[in-house]
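Chains as they are written, first to last, in my numbering: chain A, 1 to 363; chain B, 1001 to 1084.
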């Protein structure tokens, strides 16, 4: 019996559908928590040509959720390891490793070579870049994203359907929306959402009904409730994407890095403490969050209580606000400054950056 | 509760739940109120909302600020997620 017999048996696939899958070219941007499971099922289903784009190398902290990789792969390029594993899984698809990040310089050229795109990335600017490049190249794309125990899935720019900007027209700053490294993640959450992205990809290729175009699926993995929110195409937002001059842009990551004003680095805080300067520290994480840092001991006020507990702080003291990764603390600094704590700074990269800095000093 | 008040379940998704300290809240608003008005009073209650980008869905349909909330049961506040 053939490899694809069980899916060919389905009325929605058949021999014609299988041929469609074999002739499809799909670009998966990001071979991480979402990309790994999506890739495994697309390869298993016999999608003809798949580009795997990821500039990262495998880290030990990836292994609990990025199921294509094992401990021996740490330090190797994800895109290259993924192609090795997936070609052993099914030799039929033509797999291409693209071991670099999607950037304004390469987005249009790369995306133009495929029929559709899976957005399996993990930061906001890249998600807007995927959208704008797909709108300009006229390609549908399948979005998946997660926040702790919640996931979102939608199909954008499909047959003149709504785009990512039609749903979220105002692009948040990069540091306003935290990544998995900052929030924590249970592997099954991106695992499930990545599988849903693969499902929608197959439905689009097969021309099936019920595609999540104009619909945002939101799954809460704690209550196991699924909601579907409907939304419309917004011509203004499509124009914004069309008119963006992508290839003329500088790499945003570098541009963002130079725009920090209200931040303070772990190294600068270390130096101030070494000089015995008097600072007040505010930890805006929830009380259960770890680790506690002795040298940064001070007020513990979860962000959502900060507005009503601001009176506990001394507005005259230079203040360092910190959280896990530096996202919540930036918001907290805005609040504090509004309430008269003028010299408030956000610890860049949060406790995670602090721990890395201390580790560096001790090795 | 005023006779013409309506009860709305406000659900906070993603980061918004952490910033407000709630997954959901039951709140009273005058019948015929707009999404904009509800957003304004939520911001007073949870100042962090002012700095966050999110969309509002009324009973599972995305809507704009001028939407009048009549007989609505659920208002969902939806931020974009980054993680993957």
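Glycine included, C-beta positions come from ideal geometry on N, C-alpha and C.
Everything numeric in this text was worked out from a predicted model, so none of it was measured.
- About 5 Å separates the CB atoms of residue 24 of chain A and residue 115 of chain A; that is less than 8 Å, so the two are in contact.
- Under the three-state reduction of DSSP, residue 319 of chain A is assigned to strand.
- The Cβ of residue 218 of chain A sits closer than 9 Å to at least one Cβ of chain B.
- Rounded to whole angstroms, the gap between the alpha carbons of residue 156 of chain A and residue 183 of chain A is 26 Å.
- Residue pairing from DSSP places residue 300 of chain A in a beta bridge opposite A/283.
- When the beta-carbon positions are compared, residue 31 of chain A and residue 56 of chain A come within less than 9 Å of each other.
- The way I'd put it, the segment 169 to 183 of chain A does touch the segment 315 to 329 of chain A; three or more beta-carbon pairs between them come closer than 8 Å.
- At least one CB of chain B lies nearer than 9 Å to the CB of residue 183 of chain A.
- In this structure, residue 313 of chain A places its C-beta atom within 9 Å of the C-beta atom of residue 336 of chain A.
- With respect to the 9 Å criterion, residue 144 of chain A and residue 210 of chain A are not classified as neighbours on the basis of their beta carbons.
- Residue pairing by DSSP places residue 77 of chain A opposite A/57 in a beta bridge.
- Between the C-alpha atoms of residue 27 of chain A and residue 170 of chain A there is a straight-line separation of about 26 Å.
- Exclusion of the five residues before and after residue 231 of chain A leaves 162, 166, 167, 214, 215, 216 as the residues of its chain whose Cβ lies within less than 8 Å of its Cβ.
- With the rule of 3 Cβ pairs closer than 8 Å, the segment 102 to 120 of chain A does not count as touching the segment 75 to 89 of chain A.
- Among the residues of the segment 1035 to 1053 of chain B, those with a Cβ less than 8 Å away from any Cβ of chain A are 1046, 1047, 1048, 1051, 1052, 1053, in the order of the chain.
- One alpha carbon belongs to residue 1024 of chain B, the other to residue 322 of chain A, and they sit about 26 Å apart.
- Under the three-state reduction of DSSP, residue 142 of chain A is assigned to strand.
- By the rule that beta-carbons nearer than 9 Å mark a contact, residue 1079 of chain B touches chain A.
- Put simply, the backbone Cα of residue 136 of chain A is about 36 Å away from that of residue 64 of chain A.
- Residue pairing from DSSP places residue 1083 of chain B in a beta bridge opposite A/146.
- Residue 1014 of chain B has its alpha-carbon roughly 7 Å from the corresponding atom of residue 1081 of chain B.
- With a threshold of 9 Å between beta carbons, residue 231 of chain A makes contact with chain B.
- Under the three-state reduction of DSSP, residue 1035 of chain B is assigned to helix.
- The shortest C-alpha to C-alpha distance from residue 264 of chain A to any of A/238, A/289, A/93, A/344 is the one to A/344.
- Using beta-carbon distances, residue 1015 of chain B counts as an interface residue toward chain A, with a partner under 9 Å.
- For residue 229 of chain A, the closest of B/1055, B/1007, B/1005 by C-alpha to C-alpha distance is B/1055.
- According to the DSSP assignment, residue 190 of chain A belongs to the alpha helix (DSSP H) that extends over 188 to 206.
- In the three-state DSSP reduction, residue 1030 of chain B falls in the strand class (E or B).
- For residue 121 of chain A, the neighbours in chain B by C-beta distance under 9 Å run, in chain order, 1082, 1084.
- Residues of chain B with a Cβ closer than 9 Å to the Cβ of residue 117 of chain A do not exist, since the nearest Cβ in that chain sits about 14 Å away.
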